[in-house]
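Below: one structure, written as structure tokens.
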Amino acid sequence: MPVTSVADLPRFDCRDAYVATLSELAHEDHRIVGVVNDSVGSSKLTSFRKSFPDRLINVGIAEQDMVGVAAGLANGGRIPFVSAASCFLTARALEQIKADVAYSNHNVKLCGMSPGVAYGELGATHHSIEDIAWLRAIDNLTVVVPADPVETSAALRWAAQVEGPVFVRVSRMSVPQVNVDGYTFVPGRAVTLREGTDVTLIANGTVLWRALVAAEQLEAEGVSARVLSMPTVKPLDVDAVVTAARETTGIVTVEESTIAGGLGGAVAETVVQHHPTRVAILGIPEFAPTGSAAFLLDRYGMSPEGIAASARSLLRHG
1 MPVTSVADLP
11 RFDCRDAYVA
21 TLSELAHEDH
31 RIVGVVNDSV
41 GSSKLTSFRK
51 SFPDRLINVG
61 IAEQDMVGVA
71 AGLANGGRIP
81 FVSAASCFLT
91 ARALEQIKAD
101 VAYSNHNVKL
111 CGMSPGVAYG
121 ELGATHHSIE
131 DIAWLRAIDN
141 LTVVVPADPV
151 ETSAALRWAA
161 QVEGPVFVRV
171 SRMSVPQVNV
181 DGYTFVPGRA
191 VTLREGTDVT
201 LIANGTVLWR
211 ALVAAEQLEA
221 EGVSARVLSM
231 PTVKPLDVDA
241 VVTAARETTG
251 IVTVEESTIA
261 GGLGGAVAET
271 VVQHHPTRVA
281 ILGIPEFAPT
291 GSAAFLLDRY
301 GMSPEGIAAS
311 ARSLLRHG
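In UniProt numbering, the protein residues as written are 1 to 318.
This is how it looks when you write it as structure tokens:
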């Protein structure tokens, strides 16, 4: 019986899992509230607003105020989930994220919607490729990049239970389910989705499934590729990265963000300190042009074929 490729699986919008999970959490805990910046529609929170009209606070297009209001709500015992386009949430309100949330250790959950190049045709002003790099540099902030609806839901459930600042990227690009039903999110822990001995592919978010398809292609050529899902960029699973560096020839990282300071940077920092090996970092190296998200990912080598090519190149020079 032929094995179904990950590329052929049904696709899902993780925002649907986001709003369904947030609604369930709000039913379970009266402290949970939503805070938005005129982004009810783009966050798919219309049904949440209908169910909880007094628990969705819309501050308008005022991102700094939005994060400040969330910090105040947390100080008053609420659990605010801030929902806004990641490019505006993390750029316009970076000081408030640093001072009002992380430094003050307020129990705020920051949800970066439509991150990466999801707003492809709107151009570089709307691309959110720097958010992970910016937020990694801020102390006391867990940074999570789920890969599918199952992981999105699990990460949100974990965030609601843990005390302290959390950032979760919530994709709008359709992705297949790559995690099993009943998956439990554990912060700081990588998930081995595919075993391999020749090369390791480390990815998260919307490009994880592409890494899995690349591994399928490599397997057909006799190359054994390990695929590590790294949903938590901070804290990083150092043990999983070091083990991959020791057991395989090298590592290819794949991320829908800038190549400077994101997942690839975190992995490179880890191996250079613990077990130096060859690392190829796939991501976006510049202000990307306009174009569909799929076009942009392919343009920067993050098609399955591009990822496989990077792995082959690493092996040739390893």
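Note that the Cβ used here is the ideal one computed from N, Cα and C, for glycine as well.
- If you draw a straight line from the alpha carbon of Ser86 to that of Ser114, how long is it in whole angstroms? 6 Å
- Message: Measuring only the C-alpha atoms, how far is Ala215 from Asn204?
- Response: 15 Å
- Item | beta strand (DSSP E) segment containing Ala102, residue limits | Premise fails: Ala102 is in no beta strand (DSSP E) and is neither H nor E.
- Report the residue ranges of all alpha helix (DSSP H) runs contained in full by the segment 127-189; include only those spanning at least 4 residues, in chain order. 131-136 and 149-161
- Span of the alpha helix (DSSP H) holding Ser313? Pro304 to His317
- Is it the case that the Cβ atoms of Pro213 and Gln177 are separated by a distance below 8 Å? Contrary to the premise, residue 213 reads as Val rather than Pro in this sequence. No, the Cβ-Cβ distance between Val213 and Gln177 is not below 8 Å.
- Query: Just the Cα atoms here: how many angstroms apart are Met1 and Thr277?
  - Reply: Only weak support is given to the placement of Met1: the predicted model assigns it a pLDDT of 43, under 50, and the value that follows is read from those uncertain coordinates. Taking the straight line joining both Cα atoms gives about 39 Å.
- Message: Looking at Met66: is its Cβ nearer than 8 Å to the Cβ of Arg210?
- Response: no
- Task: Note down, one range per segment and in chain order, each alpha helix (DSSP H) of at least 4 residues found wholly within the segment 15-89.
- Result: 46-51 and 63-75
- Task: Can you tell me which of the three DSSP states Leu110 falls into?
- Result: strand
- Query: CB-CB under 8 Å to Arg31, same chain, minus the five flanking residues each way: which ones, in chain order?
  - Reply: Gly77, Arg78 and Ile79
- Item | Spatial distance of His127 from Glu121 (CA atoms) | 9 Å
- Query: Contact check, Val33 vs Ala71 under 8 Å by CB: the rounded distance?
  - Reply: Not a contact, Cβ separation roughly 13 Å.
- Item | Meets three-Cβ-pair contact criterion under 8 Å: the segment 187-198 and the segment 274-289 | no
- Proximity winner among Ser257, Asp16, Ala133 and Ala266, relative to Val238 (alpha-carbon distances): Ala266
- Task: Name the residue from Arg136, Glu63, Arg172 and Thr248 whose alpha carbon lies nearest to the alpha carbon of Ala293.
- Result: Arg172
- Minimum C-alpha distance to residue 335 - residue among Ala137, Thr243, Thr46 and Leu193: The question about residue 335 has no answer, for the chain in this structure spans 1 to 318.
- Query: DSSP beta-bridge partners for Ser229?
  - Reply: Val191 and Ala203
- Exposure of Gln96, with buried meaning 16 or more beta-carbon neighbours within 10 Å: buried
- Roughly how far, in whole angstroms, is the beta-carbon of Val36 from the beta-carbon of Ser83, given that I think they are within contact range, below 8 Å? 5 Å
- Message: Do Val175 and Val144 count as a contact pair if the criterion is CB distance below 8 Å?
- Response: no
- Query: Pick from Cys111, Leu73 and Ala26: whose alpha carbon is nearest that of Ser39?
  - Reply: Cys111
- Query: Are there 16 or more other CB atoms within 10 angstroms of the CB of Thr248, so buried, or fewer, so exposed?
  - Reply: buried
- Message: Tell me the rounded alpha-carbon separation between Thr152 and Val271.
- Response: 28 Å
- Message: Assuming contact is defined by CB atoms lying nearer than 8 Å, are Glu225 and Asp181 in contact in what I supplied?
- Response: Here residue 225 is Ala; the residue named in the question, Glu, does not match the sequence. Their beta carbons are not under 8 Å apart, which means Ala225 does not touch Asp181 by this criterion.
- Which value, in whole angstroms, describes the spacing of the CA atoms of Ala93 and Ala268? 28 Å
- Could you check the C-alpha separation between Val6 and Glu28 for me, to the nearest Å? 34 Å
- Please check the pair Gln217 and Pro285, which I expect to be a contact at CB under 8 Å, by giving their CB distance rounded to whole angstroms. Not really, about 24 Å apart at Cβ, beyond 8 Å.
- Apart from the five residues on each side of it in sequence, which residues of its chain come closer than 8 Å, Cβ to Cβ, to Ala133? Ser257, Thr258, Ala260, Gly261, Gly262 and Gly265
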